Structure formats: structure tokens, C-alpha cells
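The structure appears below as C-alpha cells.
In this note's numbering, the protein residues as written are 2 to 241.
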């Protein structure tokens with residue numbers, strides 16, 4: 002009887018380790034794929050921006066490359082998180098993964114994207130020579146907080162979509178429309194500014210805010226988004 006119990010415990014332990022390993026590989030692969038698309042999109046925009054300009058302008062363009070990563074990352078994160086909640090979430094439930102574990106996987110994977118994206122932005126500004134790059138590197142806590150806040154909003158919207166279905170879709174639509182209008186108005190008001198001047202203006206406007214406070218706010222919002230997604234999806238009806 003004792004031998005059977007020990008065998009059962011060993012089998013359960015192996016099964017648990019195998020489950021953790023498979024989850025780690027699954028979400029790790031998704032993190033790398035998402036980062037690959039973000040970098041690829043940013044490089045494409047970089048080449049478009051560099052087209053027709055002298056090689057001497059490369060340093061200035063590289064100075065703005067992290068902004069391209071941030072822009073592409075924000076757009077892609079919204080798409081990926083919504084896809085995870087709409088497509089992967091039901092699949093994981095059908096594979097006997099709990100709703101809490103599925104929501105936690107999405108939440109943690111996007112936290113990994115935020116960490117890698119922040120590290121890449123900091124590395125680029127570290128390698129680019131000049132005082133401008135050094136100033137932006139010092140502002141990385143601010144940008145890190147913005148990235149976490151951006152991902153937190155995407156996670157909340159994805160959880161809303163899963164929990165409330167069509168109503169959640171309407172909420173998402175309204176949020177996207179409002180965000181698009183805000184970006185459109187911002188670009189229209191600064192249409193006469195060059196891309197680098199627009200980046201510098203944005204940085205100067207935000208420089209008065211303490212980066213540590215923004216980072217703390219981003220971390221808190223990210224934690225709240227995880228708790229929110231767990232709470233609203235734990236009893237959500239999922240159609241497989």
C-alpha cells in the first residue's frame with residue numbers, strides 16, 4: 002500500500018513538472034515571437050525613415066529607434082493580448098488548464114515582453130554616443146512605467162472581452178476609437194514638426210515628471226490588471 006502511494010506521488014510530481022515545463026516553453030515561445038515581430042516592425046520603419054538620407058544621419062535615427070519600438074510594441078501588444086484572450090484562452094481551457102492559470106500565463110508573458118522591450122530600449126541608448134542618448138537612458142524608469150501601463154490596459158481590455166463578450170467588444174471598440182482620435186489629434190497639431198523634433202518635444206514635456214513615480218504607477222497598474230483579469234475570467238463562460 003505504501004509503495005503504491007509513493008508511486009502515485011512520484012507520478013503526480015513528474016506530471017506537475019512536465020506541465021510547468023510545457024507552460025514555460027509555450028509562453029516563452031510566444032514572448033520571443035512577439036518581440037521578433039516588434040523588432041521587425043521597428044526596423045522596417047527605421048529603414049523607411051533612413052531612406053534617402055545620408056549615412057551621417059544614422060546616429061540621429063538610431064537615437065529615435067527606441068521610440069519606434071515603443072510605438073510598434075504598443076500597437077502589437079493590443080493585438081496580441083486580444084488574440085490570446087480570444088483564441089488561446091478557450092484552447093487552454095479545452096486542454097484542462099484552469100481559467101486562473103490561463104489568465105496568469107497571458108499576464109506574465111506580457112510582463113516578460115515589457116521587461117525585454119525596456120531592456121532593449123536601454124541597450125540601444127547605452128550604445129548610441131552623445132548626451133541625448135544619455136538623457137534618454139536616464140529617463141528609462143519613465144519609459145518602463147509607460148510600457149507597463151500600456152500592457153496593463155491591454156490585459157484589462159482582453160479580460161473584459163472574455164468576460165462580457167459582445168458588450169466587452171463594444172467597450173473595446175469605443176476605447177480604440179477614442180485612443181485613435183487622441184493620437185490623430187496629437188499628430189495633426191504637430192504636423193509641422195519633424196519626427197525627431199516631435200520626439201524631443203515629447204521628452205521635454207515628460208522630463209518634469211519623476212521617472213520613479215511613473216514606474217511605480219506602471220507597476221501598480223500592471224498588478225491591478227493581473228488581479229482584474231483573474232477575477233473577471235474565473236467564472237467566465239468560454240466557448241471552445
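Every residue, glycine too, gets a C-beta built ideally from N, C-alpha and C.
Just so it is clear, the structure is predicted and the values come from calculations on it, not from any experiment.
Test item: CB-CB of residue i and residue j under 8 Å
i: residue 215; j: residue 143; result: yes
i: residue 77; j: residue 39; result: yes
i: residue 27; j: residue 83; result: no
i: residue 65; j: residue 147; result: no
i: residue 119; j: residue 145; result: yes
i: residue 121; j: residue 69; result: no
i: residue 75; j: residue 141; result: no
i: residue 231; j: residue 105; result: yes
i: residue 233; j: residue 164; result: yes
i: residue 221; j: residue 125; result: no
Own chain, CB closer than 6 Å to residue i, minus 5 neighbours either side, in chain order
i: residue 226; result: 153, 156 and 157
i: residue 81; result: 35
i: residue 212; result: 140, 142 and 143
i: residue 73; result: 39, 42 and 43
i: residue 236; result: none
i: residue 113; result: 32
Buried/exposed call for residue i, threshold 16 Cβ in 10 Å
i: residue 107; result: buried
i: residue 228; result: exposed
i: residue 95; result: exposed
i: residue 29; result: exposed
i: residue 111; result: buried
i: residue 79; result: buried
i: residue 149; result: buried
Sequence-distant residues of its chain with Cβ nearer than 8 Å to residue i (five each side left out)
i: residue 196; result: With a pLDDT of 49 at residue 196, under the threshold of 50, the predicted position of this residue should be treated as unreliable, and no value is reported.
i: residue 60; result: 129, 130 and 131
**Q.** the segment 127 to 146 touching the segment 40 to 51, judged by at least three CB pairs closer than 8 Å
**A.** no
Q) Pairing CB atoms from the segment 91 to 106 with CB atoms from the segment 32 to 48, are three or more of them under 8 Å? A) no
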